[in-house]
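Everything on this sheet refers to the single structure shown next.
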Amino acid sequence: MAQHDVNKIKDHAELFQQQEYQELFQAKKEFECGHESEEVTRIAEWTKTWEYREKNFARQALTVNPAKACQPLGSILAAVGFEGTLPFVHGSQGCVAYFRSHLTRHFKEPFSAVSSSMTEDAAVFGGLKNLIEGLAVSYNLYKPKMIAVCTTCMAEVIGDDLQAFIRTAKEEGAVPEDFPVPYAHTPSFVGSHILGYDNMMKGILSNLTAGKKKETTNGKINFIPGFETYIGNLREIKRIANVMGIDYTLLADNSEYLDSPNNGTYNMYPGGTKLEDAADSINAEATIALQAYATTKTREYIEHEWHQKTYVNRPVGIRGTDEFLMKLSALTGKPIPQELEDERGRAVDALTDSQAWLHGKRVAMYGDPDLVIGLTQFLLEVGAEPVHILVSNSNEHFETELRALLDSSPFGQGATIHGGRDLWHMRSLLFTEPVDLLIGNSYGKYLWRDTKTPFVRIGYPIFDRHHLHRYATYGYQGTINLLNWIVNTILDELDRNTIIPSKTDISFDLIR
Ligand code: SF4
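Residue numbers for the sequence shown follow full-length UniProt numbering, beginning at 1 and rising by one.
Quick look at the structure:
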């Protein structure tokens with residue numbers, strides 16, 4: 001066997017430029033009898049036109065690159081915020097491999113979730129046997145404190161009943177009778193990852209808090225982050241609560257799980273909200289959800305079943321953070337400390353420094369409803385003008401809320417909300433009505449390549465840049481982070497556009 005020099009292993013960006021690969025690609029192209037490159041170029045140019053845009057927006061039976069993921073993906077993200085919890089997906093193995101790899105690629109952390117591995121026989125006879133066996137194996141092998149079960153499309157299409165199945169599994173001794181096995185039905189042919197998050201959060205809270213209601217409150221505030229993929233946000237919320245001296249329960253805290261220290265020992269269940277604290281959340285003073293559309297069912301459940309007040313606060317930008325802190329102060333009677341007031345002053349100062357570069361910039365963005373509302377609020381604060389706002393997992397409620405926010409500012413008047421559309425629609429929008437900036441997850445890099453629109457990565461997933469998920473977008477510190485990413489993208493672009501010596505470089509300035 002040939003010996004390879006480990007110091008000469010080529011990265012694939014270099015490897016595929018080698019002659020043998022180039023010849024192989026050429027042979028493949030000839031074998032596939034593809035169109036002539038002139039024809040490919042002609043069609044590609046046509047897809048940039050208004051005529052194509054109209055055809056693109058008329059399509060109904062096809063979705064191309066939707067900015068959303070499956071329900072169970074949101075469910076398992078909710079589950080790992082609880083101490084010692086193993087997410088269990090009742091359905092086919094391929095779905096779970098996709099969820100795990102998706103989350104691992106974003107957080108650069110191992111993500112453990114098991115599957116009942118349903119195959120053809122389970123699709124015909126039902127998945128009860130798989131679920132019983134799967135629960136028994138998971139319980140004995142991985143020693144969790146809780147197993148949170150959700151479903152994939154396959155289990156939903158054949159109508160598997162999780163409540164009955166889990167009861168049967170307990171009767172057959174797969175797990176002890178008092179072992180918590182919350183569940184959520186999460187068919188991906190409706191909703192998206194944010195609904196899956198909501199369903200699972202409701203399922204876990206209703207399981208853990210059953211029979212735990214007391215006469216008096218525990219004086220705490222519950223925070224529900226929603227489908228949160230910025231670890232820095234969870235840490236920022238905890239820091240703010242600690243600085244204000246507020247007793248709280250985070251429902252749930254997956255920050256350690258998704259960003260565990262590398263100390264040489266593998267821990268399958270790092271961190272997480274203690275199950276007894278989650279059980280006692282029914283006795284809190286109030287619950288604040290940091291996202292509205294990923295917590296709709298959970299908030300309804302808390303209001304109606306726990307008789308507890310719930311609020312929605314998105315601490316994004318100056319106004320969002322101000323409102324969040326004032327709500328905390330009003331609920332707890334604790335004053336807003338000088339430390340946070342100073343942070344506010346620094347954030348306002350930073351906005352003032354950069355505002356001239358942002359004022360009037362036309363922006364396109366896409367993402368989850370709450371992310372988009374938070375970003376819109378921030379952009380309007382700095383005088384940027386949202387133009388195309390695209391949300392694949394949109395709903396009427398959200399569009400009404402966003403429209404009201406846009407209407408409240410002179411900078412929001414030119415915005416169009418594209419609910420239920422996908423990133424192929426966004427491509428048409430960017431070609432026909434260009435903007436100065438595109439904001440979205442990593443999938444936007446193809447739009448950036450095609451349309452050359454300067455691109456800021458904010459959202460989920462972010463696969464192709466490292467460490468962004470460790471930062472906060474919440475609070476005054478998060479405001480500075482958002483500002484940093486956005487204004488420096490604009491300045492990078494300005495440098496690129498003024499780089500030609502003796503032609504454009506008169507504006508290639510050192511000081512911006
Ligand atoms: S859409 Fe359904 S079948 Fe497809 S990956 Fe998602 S859960 Fe699995």
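Virtual Cβ for every residue (Gly too), placed ideally from N, Cα, C.
Environment of the ligand SF4, chain-ordered: CYS70, CYS95, THR152, CYS153 and SER188, taking every residue with Cβ within less than 5 Å of a heavy atom. Rounded to the nearest angstrom, the gap between the Cα atoms of LEU131 and PRO144 is 16 Å. In the same chain as GLY219, and ignoring 5 residues on each side of it, the C-beta atoms closer than 7 Å to its own belong to ASP247 and GLU285, in chain order. Under DSSP, ASN222 takes part in a beta bridge, and its partners are THR249 and THR287. Minimum Cα-Cα distance from SER115 among the listed residues GLY127, LYS170 and ASP121 corresponds to GLY127. For CYS33, there is no enclosing beta strand (DSSP E), as DSSP marks it with neither H nor E. By the neighbour-count criterion, in which a residue is buried when 16 or more other Cβ atoms sit within 10 angstroms of its Cβ, TYR21 is exposed. Remark: C-beta atoms of TYR98 and CYS150 do not approach each other more closely than 9 Å. Pairing ALA122 with MET146 gives a Cβ-Cβ distance that is not under 9 Å. Secondary structure of SER329 (DSSP, three-state): helix.
In this structure, the straight-line span from the alpha carbon of MET365 to that of ILE389 is close to 5 Å. Taking a contact to require three or more Cβ pairs closer than 8 Å, the stretch 65-81 and the stretch 185-199 qualify as touching. In this structure, the CA atom of PHE179 is about 36 Å from the CA atom of TYR474.
When the Cα atoms are used, LEU468 and LYS170 turn out to be separated by approximately 42 Å. Where MET146 is concerned, there is no enclosing alpha helix (DSSP H), although the beta strand (DSSP E) around it starts and stops at 146-151. Per DSSP, THR168 has no beta bridge partner at all. In terms of CA proximity to LEU141, SER112 leads the group SER112, ASP464 and ILE480. With fewer than 16 other beta carbons inside 10 angstroms of its own, GLY94 counts as exposed. By a beta-carbon distance limit of 8 Å, ILE282 contacts LYS213. Their separation comes to about 5 Å. The Cβ neighbour count for PHE88, taken over all protein chains shown within 10 Å, is at least 16; the residue is labelled buried. Per DSSP, reduced to three states, the secondary structure at LEU510 is coil, with no helix or strand assignment. For MET365, the enclosing beta strand (DSSP E) has its first and last residue at 362-366.
Take the alpha-carbon of SER37 and the one of VAL181: they are about 57 Å apart. Bounds of any alpha helix (DSSP H) do not take in VAL89; it lies within the beta strand (DSSP E) bounded by 85-90.
Segment contact: the stretch 475-486 against the stretch 232-244, three or more CB-CB distances shorter than 8 Å; contact assigned. ALA13 sits in a helix when the DSSP states are folded into three classes. Under DSSP, LEU437 forms a beta bridge with VAL363.
For TYR98, the three-state secondary structure derived from DSSP is helix.
Between ARG427 and SER392, the CB-CB gap reaches or exceeds 9 Å.
For ILE499, the three-state secondary structure derived from DSSP is coil. Fully enclosed alpha helix (DSSP H) runs of no fewer than 4 residues occupy 120-125, 128-142 and 153-157 of the stretch 103-158, in order along the chain.
In this structure, GLN71 sits away from SER206, with a CB-CB distance that is not shorter than 9 Å. Here VAL157 is exposed. Its C-beta has fewer than 16 other C-beta atoms within 10 Å. Distances from the alpha-carbon of GLU83 to those of THR273, ASP509, ARG465 and HIS35 put THR273 closest. In the DSSP annotation of this structure, ARG299 is not part of any beta strand (DSSP E); the continuous alpha helix (DSSP H) holding it starts and ends at 296-301.
The alpha helix (DSSP H) runs of length 4 or more contained entirely in the stretch 397-456 are, from start to end of the chain, 423-432 and 444-451.
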